[in-house]
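One structure is given here, and the rest of the page talks about it.
Numbering (my numbering), first residue to last: 47 to 454.
Here's what the structure looks like:
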């Protein structure tokens, strides 16, 4: 273990030392805030197994789909500034030439997709439908058909490619988790700001929350962030590297065989567990939030219309997907648990905001346990249970030991 020990929080130490041992996980980082103060920040296991480099509490990890709350907050912030209307069609903002072949035309239903529907995964794409697919998983196919110079298509390439294919369902008619929708939102952000996605989001969303040191991930190890962990694919898969200087070489899948640099707005961010709880804590203050107004925060977690928010009997679903977050309302006072998890080869991530003022982030440098389970899914219930055993929470604030990083 690395980081500062506190005997009152020893149950978390026990939880994670046992967890990574029992499930044969290389390493993990954990951060917890309470009432806006960082009360727990520790690293467990190894960032680099071969060299026995310990995971530090502030080590950067890929966070996979925990990137979606960041993109969601960015879009809602733009809406508050009058730059975007959530119920506008995305094609009002996305001005890309679609990739069309064989006389194909853009599905006319594209004109009906709204910004809000992309946020809530109701835009019309279903990767699990028979014949469907997730375009982020087929970079070489996209590069080949589009005759790109690189086997690593950009987010714009992916969106253009999918604009030439029919939707899987009528926009707004149901919810189906879609990485593509968040790549479309990345294009919305770039269109209305006149800037690239990464620097605008870092300056206007992450930096105000104190997480300005976060960055988009890079494919090959030599180009990664300082101190970033190594990643260990649970299935030890390899593939052809998409990136220079190793392009074409067989490499471990997390080291360039996935199009990490094209994940961007749906799953591309790299940051520490401490960065993530800073971001999560920025929504604890309602009117004093540095990111959104109280109205904007409510909008971000609002229940979607139709099947996405209500069951066939028209009863509100116990949980639903808001604008970048999974949401479970608690009680009748407008409180809720909100969270997101993420998994890509070599990475497992979980970010939780609780109704009672506790927030936590847990990051792993592998995607599955020895038993084949996602570690973020396994640790979720255990974190809630362990938090319930704590009799006295620290009064101090460990954020003082981990000052906010400036925007690079």
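Ideal placement from N, C-alpha and C gives every residue a C-beta, glycine not left out.
Who are the near neighbours of residue 328 in its chain, counting only those whose CB is closer than 6 Å to its CB and skipping five residues on each side? If the five residues before and after residue 328 are omitted, its C-beta is found closer than 6 Å to the C-beta atoms of 255, 335, 336 and 337, all from its own chain and listed in chain order.
Can residue 160 and residue 133 be called in contact, C-beta distance under 7 Å? Their beta carbons are under 7 Å apart, which means residue 160 touches residue 133 by this criterion.
Would residue 263 and residue 314 qualify as a contact pair, given that the criterion is a beta-carbon distance under 7 Å? With respect to the 7 Å criterion, residue 263 and residue 314 are classified as neighbours on the basis of their beta carbons.
For chain C, find out if any of its Cβ atoms is closer than 7 Å to the Cβ of residue 196; answer yes or no. Protein chains in the displayed structure number just one, and chain C is not present.
Under the rule that 16 or more other beta-carbon atoms within 10 Å means buried, what is residue 28, buried or exposed? Limits of the chain in this structure are 47 at one end and 454 at the other, which puts residue 28 out of reach.
Using only alpha-carbon positions, find the residue among 282, 391, 417 and 370 that is nearest to residue 398. With distances taken between CA atoms, residue 398 lies nearest to 370 out of 282, 391, 417 and 370.
Report yes or no: do three or more beta-carbon pairs, one from the region 116-125 and one from the region 442-451, lie closer than 8 Å? No: the two stretches stay apart, fewer than three of their Cβ pairs being nearer than 8 Å.
Answer yes or no: do residue 155 and residue 213 have a C-beta to C-beta separation smaller than 7 Å? Taking 7 Å as the cut-off, the Cβ atoms of residue 155 and residue 213 count as close.
Going by CA-CA distance only, name the one from 75, 193 and 81 that's closest to residue 326. Minimum Cα distance to residue 326 is reached at 81.
Where in the region 248-296 do unbroken runs of the beta strand (DSSP E), each at least 3 residues long, occur, reported from the N-terminal end onward? Restricting attention to beta strand (DSSP E) runs no shorter than 3 residues, the region 248-296 encloses them at 284-286, ordered along the chain.
Cα-Cα, which of 140, 92, 184 and 123 is closest to residue 249? Minimum Cα distance to residue 249 is reached at 123.
Contact check, residue 224 vs residue 173 under 8 Å by CB: the rounded distance? Going by Cβ atoms, the distance from residue 224 to residue 173 rounds to 7 Å, so yes, they are a contact pair.
Neighbourhood of residue 64 by C-beta distance below 8 Å, restricted to the same chain and skipping five residues each side: Close CB contacts of residue 64 within its chain, under the 8 Å cut and outside five residues either way in sequence, are absent.
My understanding is that residue 405 touches residue 67, with C-beta atoms under 8 Å, so please give their C-beta distance in whole angstroms. Not a contact, Cβ separation roughly 26 Å.
Cβ-Cβ separation, residue 354 to residue 7 (assumed contact under 8 Å), whole Å: Since the displayed the chain opens at 47 and closes at 454, residue 7 lies outside it and no answer follows.
Test item: CB-CB of residue 401 and residue 382 under 7 Å: By the CB criterion at 7 Å, residue 401 and residue 382 fall inside the cutoff.
Quick check: the Cα distance between residue 437 and residue 417, rounded to an integer number of angstroms? C-alpha of residue 437 to C-alpha of residue 417: approximately 33 Å in a straight line.
Determine, using beta carbons only, whether residue 90 and residue 47 come nearer to each other than 7 Å. Yes, these two residues count as a Cβ contact at 7 Å.
Can you find the residues in the same chain that come closer than 6 Å, C-beta to C-beta, to residue 104, ignoring five residues on each side of it along the sequence? Closer than 6 Å at the Cβ level, and outside the excluded window around residue 104, lie 318, 320 and 448.
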